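Residue numbers (our numbering), protein chains in the order written: chain H, 37 to 469; chain R, -16 to 278.
In what follows, a single structure is set out as structure tokens and then discussed.
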Amino acid sequence: MRGLVCAIFCLMMTTAANAVEIEYWQYSYKTRIDAMEKLIEAFEAENPDITVTHNNFPYAQYRTKVAAAVAAGEGPDVVQLYYGWLHDYLAAGILQPLSQESFPHSEIEQEFFPMVGSMKSGGDYYALPTAVRSLALFWNKKIFREAGLDPEVPPKTLDELVEFAKKLTQRDPAGNITQAGLTMGPINQDHNWWREVLVRQFGGVPYNADNSKVMYDDEAGRAAFQYYADFATRHKTSVVDFMDKGEIAFKAGRAAMHIDGSFVLSFLKRTRGGRNRLEWGVAELPEHNGIKSNFSSYWVNGITSKASGEKKLAAEKFLKFITSPRAMQYWLDQVGELPARKAVAYRDDNRNHPEFGAFIRGLDYAHTTLFYSESAQRKTVVDMLDRIVLNGMSVDESLAIAAQEDQNIIDAALIEIREAAAAKESTGVSSDE
Amino acid sequence: MSKRTIAQKRAIWAWVFMAVPLVYFILVRFYPTLDAFSISLTDWNIVGEKRYIGFDNFVVLFNDPVFWVVLGNTFEYLILGVPISLLLSFIIAYYLDQIRFGHGFLRACYFIPFLTTAVAMAWVWRWFYQPVPIGMINLALGQLGIAQFEFLRSTTQALPAVLAPAIWAGLGFQIVIFMAGLRAIPKTYYEAAKVDGAGAWQTLTEITLPQLRPTIVFLVVISSIGFLRIFDQVYNMTQEGEGGPLNATRPLVLHIYKAAFDDFEMGMAAAQTVVLFLILMVITVFQLRVLRHDR
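What follows is the structure in structure tokens.
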């Protein structure tokens, strides 16, 4: 009799526990979806009482879907977001803070790369990355060889970059560039290269410490942008958006050098074989005045305000799992994105990897930009270059306009944040009473 | 108990059948349209509360220099697009109507672009317009020894370059409508003109064009609305769908899209929608008035 009661009780317990089902959302990207499916399988094997439903949406609709679903009390318990969206998500009340018990601050601060600090707001962490990305310089070994350069030696400094680019550029009899020395795509990754790398290398900083003021409208910023624009206007080694997109020109063997993120690796690896096979190498970004810098961006996972009770515990477990060293190594091997934990990234075979290595080494000195609106702020850099290249405006004048536009975006966003915080506070007080 | 007349019964049935589309239109068309007016008076980021701010969105909008550039572009699409496309389609329809050999095949050739998805077409044209070494047009010009055009990378050439495939895509539809209009003109008019000894030009201006008036009114109105709402071509032919370079190709609808789904400023997007609505309404009413007046 007692055995039966016990058995029934146990059965009830397991069915109750089985009922914990959480939902995970990310945007549609083939390799990531496959990797996440595998991670979920492994997680469910370890935690048979938790089921994770995995949902994904095209990038274009992703943000809108998350915002609408969570506002309606539906959708994901654990959600993936771009680091730059954090302030939007906090203002909209989509995320809840990660508890100190499950995610001790000291552990995050010791084990993750320092840029994760930007996921902290008001003393709480809100999200953690599985993987991070950084920039590096790709070079085409075959073109180097043809130009009489050592195919194994990429440029180490910004001056060498110019010098190499000049040697590697080819033009038709009419003077049109048929092979670019260096790709130029401000709308792709170059705006990040300029903002966080060039500006710093020329002795400036892009924004002030609390990220409320544009600081690049000075001598350093001007010199940095002059350096960049010169590739198109003075050295004539590049055409802006040559062959539509730098990565395409590079992959087609029509550009000798290209700066891009680690996410391009998989695109470049899918090349056809044969005689014209693309031979490329990847190196750390060139330094200048002895200053090394890099730009890092990442996707993070957070727990939504919707998860509570059992679901919250399950969500925490799942988040812990997908940000564990094991998951990160798997992610690197499968997706090609860099581990967010130093210990994993610094493993010898990762750090010295012929492809990932340059990116991982770049993480040591990488900076993140806390965008208020990535697309709008990016556009200020794109337009800054277009005014110079297309309309012949001086760098000084164009930089001043861009700085003002950027500052306006920041000011508008800060007002909004302040208003949202005030609104939250007033509702918070009334619910306490 | 009075029996319903047949007419009454018919009316009831008509309403029964109309009820479904009517409900659909009210819910999916009219209600959101009206709602856009009220959203345009708020500050709303899709989540969270709508905050009433009066006409602030409109004030900000009218003080934004980019908005005026965008509005200028929108009218440029209209002013270039409507006459060019109507002239081309009329000429093609006029001559196509006179040939018998290969008529069906030629008509299909002109109509196919209308059936093709705008996105695929925009991307093909985007590649046509590239500079050497890959752009087809510039490669051909190079062969002829002509300097290459900047096309999409020029602040002056980009808008016409984006407009060209839009005109081309709409041509098939306009040609078919024009041909239907041409066929509807009674043969007897032409016979009478011949008997009276009228020349080809006189026949065209005195008979064909006046008889096509309703067709022309219809096409002007429809294509005006189409060019004022241009989006797909610009979104797909410019870098990251920004309507560049330097906003040179950005039309109002793209500006609305960016405000709504990049910046999540739904109030601002709705305000621009209201502006677009008013422009469309004024232009359409004006065109109907002017073009339809009795001779």
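For glycine and all other residues, C-beta sits at the position ideal for the given N, C-alpha and C.
Source: prediction; values computed, not measured.
Subject >> Nearest-angstrom Cβ-Cβ length linking Val102 (chain H) and Gly109 (chain H), presumed shorter than 8 Å >> reply: As a working note, residue 102 (chain H) is residue 66 in the first sequence. As a working note, residue 109 (chain H) is residue 73 in the first sequence. At roughly 13 Å, the Cβ-Cβ gap does not stay under 8 Å, so Val102 (chain H) and Gly109 (chain H) are not in contact.
Original post:
Quick one: is Val276 (chain H) near chain B, going by C-beta distance under 8 Å?
Top reply: Judged by its chain identifiers, the structure shown contains no chain B, and its protein chains are H and R.
Subject >> CA-to-CA distance, Arg196 (chain R) to Thr16 (chain R), given in whole angstroms >> reply: Within the second sequence, the letter at position 33 stands for residue 16 (chain R). Within the second sequence, the letter at position 213 stands for residue 196 (chain R). Distance between the alpha carbons of Thr16 (chain R) and Arg196 (chain R) is about 31 Å.
Original post:
Does the ligand ADP have a heavy atom nearer than 7 Å to the CB of Ala2 (chain R)?
Top reply: Of ligands this structure carries none, so the ligand ADP is not represented either.
Original post:
By Cβ distance below 7 Å, which residues in the same chain neighbour Tyr112 (chain R) in space, the five residues on each side in sequence not counted?
Top reply: Residue 112 (chain R) sits at position 129 when you count from the first residue of the second sequence. Answer for Tyr112 (chain R): Gly118, Ile120, Phe134, Leu135 and Ala144, listed in chain order.
Original post:
Going by Cα to Cα distance, which pick from R:Thr267, R:Val273, R:Gly250 and R:Gln270 is closest to Leu44 (chain R)?
Top reply: Against the second sequence, residue 44 (chain R) aligns to sequence position 61. For Leu44 (chain R), the nearest C-alpha among the options comes from R:Gly250.
Original post:
Hey, Val53 (chain R) and His238 (chain R): beta-carbon distance below 8 Å or not?
Top reply: The residue you call residue 53 (chain R) lines up with position 70 of the second sequence. The residue you call residue 238 (chain R) lines up with position 255 of the second sequence. In contact: Val53 (chain R) and His238 (chain R) (Cβ atoms closer than 8 Å).
Original post:
Hey, does Phe244 (chain R) have any beta-carbon neighbour from chain H nearer than 8 Å?
Top reply: Working through the second sequence from its first residue, we reach residue 244 (chain R) at position 261. So, interface residue.
Original post:
What do you get for Phe247 (chain R), buried or exposed, if any count of 16 or more other CB atoms within 10 angstroms of its CB means buried?
Top reply: Locating residue 247 (chain R) in the second sequence gives position 264, counting from the first residue. The residue in question, Phe247 (chain R), is buried, as its Cβ has 16 or more Cβ neighbours within 10 Å.
Original post:
Nearest chain H C-beta to Ala19 (chain R) closer than 8 Å, yes or no?
Top reply: Taking the second sequence and counting its residues from 1, one reaches residue 19 (chain R) at position 36. With respect to chain H, the C-beta atom of Ala19 (chain R) has no partner C-beta closer than 8 Å.
Original post:
Span of the beta strand (DSSP E) holding His294 (chain H)?
Top reply: In the first sequence, residue 294 (chain H) corresponds to position 258, counting from 1. Note, His294 (chain H): beta strand (DSSP E), Ala291 to Gly297.
**OP:** Assign Asn294 (chain R) to buried or exposed, taking buried as 16 or more other Cβ atoms, counted over all protein chains shown, within 10 Å of its Cβ.
**Re:** Only positions -16 to 278 of chain R appear in the structure, and residue 294 (chain R) is not among them; the question remains open.
**OP:** Using only alpha-carbon positions, find the residue among H:Trp175, H:Tyr60 and H:Tyr252 that is nearest to Leu75 (chain H).
**Re:** Counting from 1 along the first sequence, the entry for residue 75 (chain H) is found at position 39. Ranking H:Trp175, H:Tyr60 and H:Tyr252 by CA distance to the CA of Leu75 (chain H) puts H:Tyr60 first.
Subject >> Residues bridged to Glu391 (chain H) [DSSP beta-bridge criterion] >> reply: Along the first sequence, one-based indexing puts residue 391 (chain H) at 355. In DSSP, Glu391 (chain H) forms no bridge with anything.
Subject >> Nearest-angstrom Cα separation, counted from Glu225 (chain R) out to Ala52 (chain H) >> reply: To locate residue 52 (chain H), count along the first sequence from 1; it is residue 16. To locate residue 225 (chain R), count along the second sequence from 1; it is residue 242. At Ala52 (chain H), the pLDDT of 46 sits below 50, so the modelled position is not reliable and the matter cannot be decided from this model.
Subject >> Rounded straight-line distance, which links the Cα of Asp47 (chain R) to that of Ala107 (chain H) >> reply: In the first sequence, residue 107 (chain H) corresponds to position 71, counting from 1. In the second sequence, residue 47 (chain R) corresponds to position 64, counting from 1. For the pair Ala107 (chain H) and Asp47 (chain R), the Cα-to-Cα distance works out to about 31 Å.
Original post:
Distance, Cα to Cα, Ile58 (chain H) vs Trp229 (chain H)?
Top reply: Position 22 of the first sequence holds residue 58 (chain H). Position 193 of the first sequence holds residue 229 (chain H). About 39 Å.
**OP:** For Ser409 (chain H), go through chain R and note every residue whose CB falls closer than 8 Å to its CB, in chain order.
**Re:** By 1-based counting over the first sequence, the position of residue 409 (chain H) is 373. Within 8 Å Cβ-Cβ: Asp245 and Asp246.
Subject >> Three-state secondary structure assigned by DSSP to Asn92 (chain H) >> reply: As a first step, residue 92 (chain H) must be located in the first sequence, where it is residue number 56. DSSP places Asn92 (chain H) in strand when its eight states are reduced to three.
Subject >> Residue span of the beta strand (DSSP E) that contains Ile339 (chain H), given as start and end >> reply: Here residue 339 (chain H) refers to the residue found at position 303 of the first sequence. Asn330 to Thr340 is the extent of the beta strand (DSSP E) around Ile339 (chain H).
**OP:** Buried or exposed for Ala170 (chain R), please, with buried defined as at least 16 other CB atoms from any protein chain shown within 10 angstroms of its CB.
**Re:** Position 187 of the second sequence, counting from 1, holds the residue named residue 170 (chain R). In the sequence as displayed, the identity of residue 170 (chain R) is Lys instead of Ala. The residue in question, Lys170 (chain R), is exposed, as its Cβ has fewer than 16 Cβ neighbours within 10 Å.
Subject >> Backbone secondary structure at Thr193 (chain H) - three-state DSSP >> reply: Along the first sequence, read from residue 1 onward, the residue named residue 193 (chain H) stands at position 157. In the three-state reduction of the DSSP assignment, Thr193 (chain H) falls in the strand class.
Original post:
Closer than 8 Å, CB to CB, is Ser467 (chain H) near chain R or not?
Top reply: For the purposes of this step, residue 467 (chain H) is identified with residue 431 of the first sequence, where counting begins at 1. A caution first: Ser467 (chain H) carries a pLDDT of 38, below 50, which makes its placement in the model unreliable, though a value can still be read off. Taking Cβ atoms only, chain R never reaches closer than 8 Å to Ser467 (chain H), which makes this a no.
Original post:
Helix or strand or just coil, what does DSSP make of Ala183 (chain H)?
Top reply: Counting from one through the first sequence, the residue named residue 183 (chain H) turns up at place 147. In this structure, Ala183 (chain H) counts as coil in the three-state DSSP scheme.
**OP:** Verify the CB distance criterion: does Ile446 (chain H) have a CB-CB separation below 8 Å to chain R?
**Re:** Here the question's residue 446 (chain H) lines up with position 410 in the first sequence. No, Ile446 (chain H) does not count as interfacial toward chain R.
**OP:** Pull up the DSSP beta-bridge partners for Asn228 (chain H), would you.
**Re:** Taking the first residue of the first sequence as position 1, residue 228 (chain H) is located at position 192. Looking at the DSSP assignment, Asn228 (chain H) forms no beta bridge with any residue, so it has no partner.
Original post:
Are any of the Cβ atoms in chain H nearer than 8 Å to that of Met(-16) (chain R)?
Top reply: In the second sequence, residue -16 (chain R) corresponds to position 1, counting from 1. Summary for Met(-16) (chain R): the model assigns pLDDT 49, below 50, so the residue's position carries little reliability; its value from the coordinates is reported in the next sentence. Cβ-Cβ to chain H under 8 Å: no for Met(-16) (chain R).
**OP:** Determine the direct distance from the alpha carbon of Gln140 (chain R) to that of Thr232 (chain R), and round the result to whole angstroms.
**Re:** For the purposes of this step, residue 232 (chain R) is taken as residue 249 along the second sequence, with counting starting at 1. For the purposes of this step, residue 140 (chain R) is taken as residue 157 along the second sequence, with counting starting at 1. Near 9 Å, if we compare the C-alpha coordinates of Gln140 (chain R) and Thr232 (chain R).
Subject >> Residues that Arg115 (chain H) bridges to, as DSSP identifies them >> reply: Counting from one through the first sequence, the residue named residue 115 (chain H) turns up at place 79. In the sequence as presented, Arg is not what sits at residue 115 (chain H); that position holds Val. Bridge partners of Val115 (chain H): H:Trp61 and H:Gly338.
Subject >> CB contact check: Pro116 (chain R) to chain H, cutoff 8 Å >> reply: The count along the second sequence starts at 1 and reaches residue 116 (chain R) at position 133. At a cut-off of 8 Å, the C-beta of Pro116 (chain R) has a neighbouring C-beta in chain H.
**OP:** Please decide whether Leu426 (chain H) counts as near chain R, where near means a Cβ-Cβ distance under 8 Å.
**Re:** The residue you call residue 426 (chain H) lines up with position 390 of the first sequence. Judged by the 8 Å Cβ criterion, Leu426 (chain H) is in contact with chain R.
Original post:
Comparing alpha-carbon positions, which option in R:Ala101, R:Leu79 and R:Val102 lies nearest Cys92 (chain R)?
Top reply: Residue numbering aside, residue 92 (chain R) sits at position 109 when the second sequence is read from its first letter. When each option's Cα is compared against that of Cys92 (chain R), the closest is R:Leu79.
Subject >> Alpha-carbon spacing of Asp194 (chain R) relative to Val268 (chain R), whole angstroms >> reply: In the second sequence, the residue the question calls residue 194 (chain R) occupies position 211. In the second sequence, the residue the question calls residue 268 (chain R) occupies position 285. Before going on, a small fix: residue 194 (chain R) reads as Gln here, not Asp. So the alpha carbons of these two residues sit roughly 22 Å apart.
Subject >> Terminal residues of the alpha helix (DSSP H) in which Pro197 (chain R) lies >> reply: If you number the second sequence from 1, residue 197 (chain R) lands on position 214. Where Pro197 (chain R) is concerned, the enclosing alpha helix (DSSP H) stretches over Arg196 to Leu211.
Original post:
Applying a beta-carbon distance threshold of less than 7 Å, which residues of chain H neighbour Ile120 (chain R)?
Top reply: Taking the second sequence and counting its residues from 1, the one referred to as residue 120 (chain R) is at position 137. Proximity of chain H to Ile120 (chain R) at the Cβ level (cut-off 7 Å) is not reached, the minimal Cβ distance being about 13 Å.
**OP:** Look at the alpha carbon of Gln(-9) (chain R) and the alpha carbon of Trp51 (chain R), and state the distance between them as a whole number of angstroms.
**Re:** Against the second sequence, residue -9 (chain R) aligns to sequence position 8. Against the second sequence, residue 51 (chain R) aligns to sequence position 68. The straight-line gap from Cα to Cα measures roughly 54 Å.
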